[in-house]
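Enquirer: I'd like to ask some things about the structure below.
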Amino acid sequence: MAMGIILIIITTAASLLMLAFFAAAEVAVISVNKVRIQLLAEGGGGIKNAKIMCELLKEHEMVVSAMLIGVNIAIILGTSIVTFLLNRILGDKLAVIVATIFLPPLFLFFGEVIPKKIGRLTADAFSLKYVKVIRFFYNLFYYVVKHFTFLLSIIKRMFKPGASKKSTMTKEEIHHLIKMSESDGVIKKAEGRMIESVFSFNKIFLNDVMTPRNDIVAINSALSLKDVLDVGIKEGFSRMPVYDKNIDNVLGFIYVLDLIQAINLEGKTLKDFIRPILFAPETKKLGVMLREMQKSKIHMSIVVDEYGQTAGLCTIEDLIEEIVGEIRDEYDVEEPEIVKINENVYLINAMMDIDDVASELNINIKLEEFEDVKTLGGLVISLTGRIPKVRDEVRVDNARFIVEKVDKHRIKQIKVVVKKARPEEKEQNIVE
Numbered sequence: 061m062a063m064g065i066i067l068i069i070i071t072t073a074a075s076l077l078m079l080a081f082f083a084a085a086e087v088a089v090i091s092v093n094k095v096r097i098q099l100l101a102e103g104g105g106g107i108k109n110a111k112i113m114c115e116l117l118k119e120h121e122m123v124v125s126a127m128l129i130g131v132n133i134a135i136i137l138g139t140s141i142v143t144f145l146l147n148r149i150l151g152d153k154l155a156v157i158v159a160t161i162f163l164p165p166l167f168l169f170f171g172e173v174i175p176k177k178i179g180r181l182t183a184d185a186f187s188l189k190y191v192k193v194i195r196f197f198y199n200l201f202y203y204v205v206k207h208f209t210f211l212l213s214i215i216k217r218m219f220k221p222g223a224s225k226k227s228t229m230t231k232e233e234i235h236h237l238i239k240m241s242e243s244d245g246v247i248k249k250a251e252g253r254m255i256e257s258v259f260s261f262n263k264i265f266l267n268d269v270m271t272p273r274n275d276i277v278a279i280n281s282a283l284s285l286k287d288v289l290d291v292g293i294k295e296g297f298s299r300m301p302v303y304d305k306n307i308d309n310v311l312g313f314i315y316v317l318d319l320i321q322a323i324n325l326e327g328k329t330l331k332d333f334i335r336p337i338l339f340a341p342e343t344k345k346l347g348v349m350l351r352e353m354q355k356s357k358i359h360m361s362i363v364v365d366e367y368g369q370t371a372g373l374c375t376i377e378d379l380i381e382e383i384v385g386e387i388r389d390e391y392d393v394e395e396p397e398i399v400k401i402n403e404n405v406y407l408i409n410a411m412m413d414i415d416d417v418a419s420e421l422n423i424n425i426k427l428e429e430f431e432d433v434k435t436l437g438g439l440v441i442s443l444t445g446r447i448p449k450v451r452d453e454v455r456v457d458n459a460r461f462i463v464e465k466v467d468k469h470r471i472k473q474i475k476v477v478v479k480k481a482r483p484e485e486k487e488q489n490i491v492e
């Protein structure tokens, strides 16, 4: 009897270890960070186990199926042998009762729940440490898994005819992968933002990134070469559009460098140096515009409105900045969009995006009510219903917007006074 009890303990322990390994391996293979494993495999010299894991992940579903077969074998073998040994000691009826009461919770808790938790939390480390064992059992169960997968594919086709054989990754999954890679230190946050910008790139229109009509530095075609050079040096632009009579009649653009090289040539006028420029509607998406610029090798475009008038200017730099962020050269003077005067008062550039103002200052602006307005200055004009004057004031939520500077009917700077909630008001809001 003593030998029978020892055999029961050994068999139960062996079955639990076997079950625990397969359960942990199953979850680890599902949860492993594929990007990190790939980087480890491709890194300097490469990590051998990472290379093996990369090969296994190419047959991801089959490896998981192999581990599931291992789980079932462990459960069937363990319960069968232990029940048989209990039967020899306790008899048929008592053996069944004992096995039914003790084995399921024992196998479930110590063979499934805990190992799967460990496999999920240590997916990368577990996979790399035991990858050779995982590969061994995958090869052992390969033909069983292959036939099982074949039958499963037939069943899938029966219920989902024409379904794609290859699974695709959704945008939500890609977003989750980027965030996970950032938190794991695989990529930097700036790199993560850049990747996400690529996905949103084709959803953005030219009128979201263009330089507005009023801010365009353009050259009258009647100016002399010297005068144009003076404007280029003063404004710090290497390329400028050229118009005839007014900005709605753009002829092309000039390179300031062309003028410098030809400044001493006699008989040359500005029109001799005008290069072709692109024209595009406000509703054209950035991806389409970028491909057009690359194909034509013209990196500047006039953005026109629905009436064919000049609405703004867009360069290839504006498009690239939507992905990589602000690009500043030696001529750019960085001016902060928000200047904090004190705890509740801020001076803000009227061209700043409303979304950014709302998030920076924690102001509840109902953006759905101002769908056609993008800038803070536009918001003030929309609320007043006219071109505001200096000291004009509007209120939104807990903030007052006061016009500070106006230049030729255009708002340049706005003072924002944010009313902070009192402690008792905050407490009341929480209760409500």
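Per my numbering, the very first residue in the sequence shown carries number 61; after that it's consecutive. No residue lacks a Cβ here, since even glycine has one placed at the ideal position from N, Cα and C. Remember, it's a predicted structure, so these values are computed and weren't measured experimentally.
Can you tell me the Cα-Cα spacing of V92 and M353, whole angstroms?
Expert: Here residue 92 is taken as the residue at index 32 of the sequence shown, counted from 1. Here residue 353 is taken as the residue at index 293 of the sequence shown, counted from 1. Approximately 41 Å, taken between the alpha carbons.
Enquirer: Out of L128, K108, A110 and A459, which one is the CA nearest neighbour of A85?
Expert: Against the sequence shown, residue 85 aligns to sequence position 25. Answer by Cα proximity: L128.
Enquirer: Exposed or buried, which one is S125 when buried takes at least 16 other CB atoms within 10 Å?
Expert: As a working mapping, residue 125 is identified with position 65 in the sequence shown. Buried, because 16 or more other Cβ atoms sit within 10 Å of the Cβ of S125.
Enquirer: Could you tell me the alpha carbon to alpha carbon distance between P483 and V454, rounded to whole angstroms?
Expert: Looking up residue 483 in the sequence shown gives position 423. Looking up residue 454 in the sequence shown gives position 394. Confidence at P483 is low in this model, with a pLDDT of 47, below 50, so its placement is unreliable and no value can be given for it.
Enquirer: Just verifying my parser: in three-state terms, what is the DSSP assignment at F297?
Expert: Working through the sequence shown from its first residue, we reach residue 297 at position 237. DSSP places F297 in coil when its eight states are reduced to three.
Enquirer: Based on DSSP bridge pairs, tell me the residues matched to S361.
Expert: For the purposes of this step, residue 361 is identified with residue 301 of the sequence shown, where counting begins at 1. The partner list for S361 (beta bridge, DSSP) reads L338 and C374.
Enquirer: Taking Cβ positions, are K479 and V463 nearer each other than 9 Å?
Expert: Taking the sequence shown and counting its residues from 1, the one referred to as residue 479 is at position 419. Taking the sequence shown and counting its residues from 1, the one referred to as residue 463 is at position 403. Contact: no.
Enquirer: Does G138 have its Cβ less than 9 Å from a Cβ in chain C?
Expert: Among the protein chains of the structure shown there is no chain C, as only one such chain exists.
Enquirer: Considering only residues of the same chain and omitting the five flanking positions on each side of F208, which have a CB-CB separation below 7 Å?
Expert: For the purposes of this step, residue 208 is taken as the residue at position 148 of the sequence shown. Result list for F208: S125, in chain order.
Enquirer: Beta-carbon within less than 6 Å of I423's beta-carbon, same chain only, minus the 5 sequence neighbours each way: which residues are those?
Expert: For the purposes of this step, residue 423 is taken as residue 363 along the sequence shown, with counting starting at 1. Once the five neighbours on either side are set aside, the close Cβ partners of I423 are D457 and A459.
Enquirer: For a quick check, are the C-beta atoms of L439 and I401 less than 9 Å apart?
Expert: Within the sequence shown, residue 439 is the residue found at index 379, counting from 1. Within the sequence shown, residue 401 is the residue found at index 341, counting from 1. Result no, Cβ atoms of L439 and I401 do not sit closer than 9 Å.
Enquirer: For the stretch 92-102 against the stretch 156-172, are there 3 or more C-beta pairs whose distance is under 8 Å?
Expert: The stretch 92-102 makes no contact with the stretch 156-172: fewer than 3 CB pairs, one atom from each, lie closer than 8 Å.
Enquirer: What does the Cβ neighbour count give for Y406, buried or exposed, with the cut at 16 atoms within 10 Å?
Expert: Walking along the sequence shown from the start, residue 406 turns up at place 346. By the beta-carbon neighbour count (other beta carbons within 10 angstroms, threshold 16), Y406 is buried.
Enquirer: Does DSSP put V92 in a helix, a strand or coil?
Expert: One-based indexing of the sequence shown puts residue 92 at position 32. Coil, per DSSP.
Enquirer: Using C-beta distances below 7 Å, list every residue in its chain close to G105, excluding the 5 sequence neighbours before and after it, in chain order.
Expert: Walking along the sequence shown from the start, residue 105 turns up at place 45. Its pLDDT being 49, under 50, G105 is placed unreliably by the model, and nothing is read from it.
Enquirer: Name the residue from I90, V310, D365 and I398 whose alpha carbon lies nearest to the alpha carbon of S187.
Expert: Taking the sequence shown and counting its residues from 1, one reaches residue 187 at position 127. Closest option to S187, Cα to Cα, is I90.
Enquirer: Distance, Cα to Cα, N309 vs V363?
Expert: Counting from 1 along the sequence shown, the entry for residue 309 is found at position 249. Counting from 1 along the sequence shown, the entry for residue 363 is found at position 303. Answer to the nearest angstrom: the Cα atoms are 12 Å apart.
Enquirer: Quick one: what's E453 bridged to in DSSP?
Expert: Indexing the sequence shown from 1 puts residue 453 at position 393. According to DSSP, which records beta bridges pairwise, E453 is partnered with I462.
Enquirer: What do you get for G327, buried or exposed, if any count of 16 or more other CB atoms within 10 angstroms of its CB means buried?
Expert: Within the sequence shown, residue 327 is the residue found at index 267, counting from 1. Exposed.
Enquirer: Give every residue of the same chain whose Cβ lies closer than 8 Å to the Cβ of K289, excluding the five residues on either side of it in the sequence, and list them in chain order.
Expert: Stepping through the sequence shown from its first residue, residue 289 is reached at position 229. Checking the sequence shown, residue 289 turns out to be Leu, not Lys. Excluding residues within five positions, the ones whose Cβ falls inside 8 Å are V316, L319, I320 and I323.
Enquirer: What number of angstroms, rounded off, separates the C-alpha of L350 from the C-alpha of C114?
Expert: The count along the sequence shown starts at 1 and reaches residue 350 at position 290. The count along the sequence shown starts at 1 and reaches residue 114 at position 54. The straight-line gap from Cα to Cα measures roughly 36 Å.
Enquirer: With M296 and I337 assumed to form a contact (beta carbons below 8 Å), what rounded beta-carbon distance in angstroms separates them?
Expert: Here residue 296 refers to the residue found at position 236 of the sequence shown. Here residue 337 refers to the residue found at position 277 of the sequence shown. Reading the sequence as shown, one finds Gly at residue 296 and not Met. Going by Cβ atoms, the distance from G296 to I337 rounds to 20 Å, so no, they are not a contact pair.
Enquirer: Quick check on L154: does DSSP put it in helix, strand or coil?
Expert: Residue numbering aside, residue 154 sits at position 94 when the sequence shown is read from its first letter. Helix.
Enquirer: E377: which of V158, H359, N132 and G437 sits nearest, CA to CA?
Expert: Along the sequence shown, read from residue 1 onward, the residue named residue 377 stands at position 317. If we check each option's Cα against that of E377, H359 comes out closest.
Enquirer: Shortest alpha-carbon distance to M254 belongs to which of L116, K305 and E382?
Expert: Along the sequence shown, one-based indexing puts residue 254 at 194. Minimum Cα distance to M254 is reached at E382.
Enquirer: What residue from A134, S419 and T370 has the CA that sits closest to N274's CA?
Expert: Locating residue 274 in the sequence shown gives position 214, counting from the first residue. Of A134, S419 and T370, the residue nearest in Cα terms is T370.
Enquirer: For my contact list, I471 and A418 are in at a C-beta cut-off of 8 Å; report their separation, rounded to the angstrom.
Expert: For the purposes of this step, residue 471 is taken as the residue at position 411 of the sequence shown. For the purposes of this step, residue 418 is taken as the residue at position 358 of the sequence shown. About 18 Å separates the two Cβ atoms, so there is no contact after all.
Enquirer: May I ask which residues mark the beginning and end of the alpha helix (DSSP H) holding N60?
Expert: Since the first residue shown for the chain is 61 and the last is 492, residue 60 is missing from the structure and cannot be characterised.
Enquirer: For F259 and P341, I'd like the C-alpha separation in whole angstroms.
Expert: As a first step, residue 259 must be located in the sequence shown, where it is residue number 199. As a first step, residue 341 must be located in the sequence shown, where it is residue number 281. So the alpha carbons of these two residues sit roughly 22 Å apart.
Enquirer: Near F339, what residues of its chain come up, given a Cβ to Cβ distance below 7 Å and the 5 sequence neighbours on each side ignored?
Expert: Taking the first residue of the sequence shown as 1, we reach residue 339 at position 279. Result list for F339: S361, I362 and V364, in chain order.
Enquirer: Mind checking whether V204 and I112 have CB atoms under 9 Å apart?
Expert: By one-based count along the sequence shown, residue 204 stands at place 144. By one-based count along the sequence shown, residue 112 stands at place 52. No, they are not a contact pair.
Enquirer: Leaving out the 5 sequence neighbours to the left and right, which residues in its chain are closer than 7 Å to V131 when beta-carbon positions are compared?
Expert: Reading the sequence shown from its first residue, position 71 is the one you call residue 131. Closer than 7 Å at Cβ, skipping near neighbours: L79, F82, A83 and E86.
Enquirer: Provide the residue(s) that pair with V124 in DSSP beta bridges, ordered along the chain.
Expert: On the sequence shown, residue 124 is found 64 positions in, with the first residue counted as 1. Answer is none; V124 lacks a bridge partner.
Enquirer: Taking the alpha carbon of E397 as the point to measure from, which residue in L150, E420, T375 and D332 has its own alpha carbon closest?
Expert: Translated into positions along the sequence shown, residue 397 becomes position 337. Checking every option, the nearest Cα to that of E397 belongs to E420.
Enquirer: Nearest to D304 by CA position, among K294, D416, L283 and S298, is which residue?
Expert: To locate residue 304, count along the sequence shown from 1; it is residue 244. Out of K294, D416, L283 and S298, L283 has the C-alpha closest to the C-alpha of D304.
Enquirer: Using only CA atoms, which one of L116, K434 and I157 lies nearest to N199?
Expert: Stepping through the sequence shown from its first residue, residue 199 is reached at position 139. It is L116.
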